[in-house]
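**Q** The structure under discussion is supplied below as structure tokens; questions concerning it will follow.
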Amino acid sequence: MAEFMVDGVRVTYHVHGTGPVCIAHSGGPGVHWPYLRMPWLEDRLTMVYLEPVGTGSSDLQPGGDYSMEVYASYVAKLVEHLGEPKVFLLGHSHGGFVALQTALDYPELLRGVIVYDSMAYNGPELGAQAFANIEKYVASRPAGDALAQQVLDAWNDSPEGHDEELDALGRLLPVYFKDFEAIDPSITEWKKLVDITVDPNRRSDLWDIRPRLGEIAVPVLVIVGTADFICPLNSARELVAGIPGAKLVVFEESGHFAHVEEPELFRDTVRNFVATH
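Below is the structure:
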């Protein structure tokens, strides 16, 4: 683990691999980086797994201001700290929000952006769309299905603090995968990597850059799983329609975690993007 300081705030990161630098920004917000570890990219890329401010070993953000602009500023400071003129930036879910904001605010630092299961806005509209997809998931299950009830209860809970938040996330996991029951036996160790930091001072951040997508002037790859309930295919298509030259790759057998569900295709997709930029 390494670290850098920004105005007295300690931010940590982990470096693995060799080749062009790619910063990986985890989701959540607050989900720790290990779930996003991609060793099969590390033979071609120097993967820099950032622990975003307010996450893991990094300090909390003073005053609870976790706006996308603040997150993007930390990415810019990390690039400066690394001494790299330009990097690739891969953002998953909430990390994709940050990647898009970084592309708007600091395009000169980026060789390319990989927006992985993400979208161009955050707020009540996202929640409403996600719940509608949860209702579809529940309707697709047999009557009285335990997993469906588990997911519905977890979504409707109001967790407080680390333990309750992590428990709710764990109970929601089935809807995050296209076929959870098929993959569950093989992800026992991966599930142990999932953890979260909760900052009670975090302020809600409404964010919407849909009117600004046309301003993004760096190469963008959009990755989405067909069964992603929270950052679904229609939102990915909206990104590609709005960002000049953006490329969309759809993972037919994935939900929200394509790097776990279809790792070989994910590896090849990212490698191809990097090789051409």
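166 is the number that my numbering gives to position 137 of the sequence shown; each next residue is one higher, with no gaps. Ideal Cβ positions, reconstructed from N, Cα and C, are used throughout, including at glycine.
(1) Would you call the stretch 228–237 and the stretch 147–158 in contact, with 3 or more CB pairs under 8 Å?
(2) Please go through the same chain and pick out, in chain order, the residues whose beta-carbon is closer than 7 Å to the beta-carbon of V35, but skip the five residues on each side of it.
(3) So, is P203 buried or exposed, given that buried needs 16 or more other C-beta atoms within 10 angstroms?
(4) Would you check if there are 3 or more beta carbon pairs closer than 8 Å linking the stretch 288–304 to the stretch 54–71?
(5) Which stretch, first to last residue, makes up the alpha helix (DSSP H) that contains K165?
(6) On the DSSP bridge assignment, give the partners of I225 in chain order.
(7) Only counting the same chain, and skipping five residues up and downstream in sequence, which positions put a Cβ closer than 7 Å to that of W184?
(8) Indicate whether the contact test is met: 3 or more Cβ pairs, each with one atom in the stretch 238–253 and one in the stretch 30–44, closer than 8 Å.
(9) Is the CB-CB distance between C260 and S55 below 8 Å?
(10) In whole angstroms, give me the CA-to-CA distance for M76 and P49.
(11) Starting from T298, trace the alpha helix (DSSP H) both ways and give me its first and last residue.
(12) Mapping DSSP to helix, strand and coil, what is E218?
(13) How many angstroms separate the CA atom of H110 from the CA atom of V40?
(14) From L138 to P292, what does the alpha carbon distance come to, in whole angstroms?
(15) Let's test the definition: count the other Cβ atoms within 10 Å of the Cβ of G37 and tell me whether it reaches 16, buried, or not, exposed.
(16) Following the continuous alpha helix (DSSP H) through F209, name the residue where it begins and the one where it ends.
(17) Am I right that V227 and G199 are in contact with their C-beta atoms under 8 Å? What's the rounded C-beta distance?
(18) Pull up the distance between the alpha-carbon of V60 and that of L222, whole angstroms please.
(19) Roughly how far, in whole angstroms, is the beta-carbon of T84 from the beta-carbon of G57, given that I think they are within contact range, below 8 Å?
(20) For the beta strand (DSSP E) containing V38, list its first residue and its last residue.
(21) If you reduce the DSSP assignment to three classes, tell me which class T255 lands in.
(22) For L119 and A128, I'd like the C-alpha separation in whole angstroms.
**A** Put simply:
(1) yes
(2) Y103, K106
(3) buried
(4) Touching, per the Cβ criterion.
(5) 153–169
(6) V60
(7) F160, I163, L201
(8) Touching, no, given that fewer than three Cβ pairs across the two stretches are closer than 8 Å.
(9) Not a contact, by the Cβ cut-off of 8 Å.
(10) 8 Å
(11) 292–304
(12) helix
(13) 11 Å
(14) Approximately 28 Å between the Cα atoms of the pair.
(15) exposed
(16) 209–212
(17) So it is not a contact: roughly 14 Å between Cβ atoms.
(18) 10 Å
(19) Taking 8 Å as the upper bound for CB-CB distance, T84 and G57 are in contact here, some 7 Å apart.
(20) 38–46
(21) coil
(22) The C-alpha of L119 lies about 7 Å from the C-alpha of A128.
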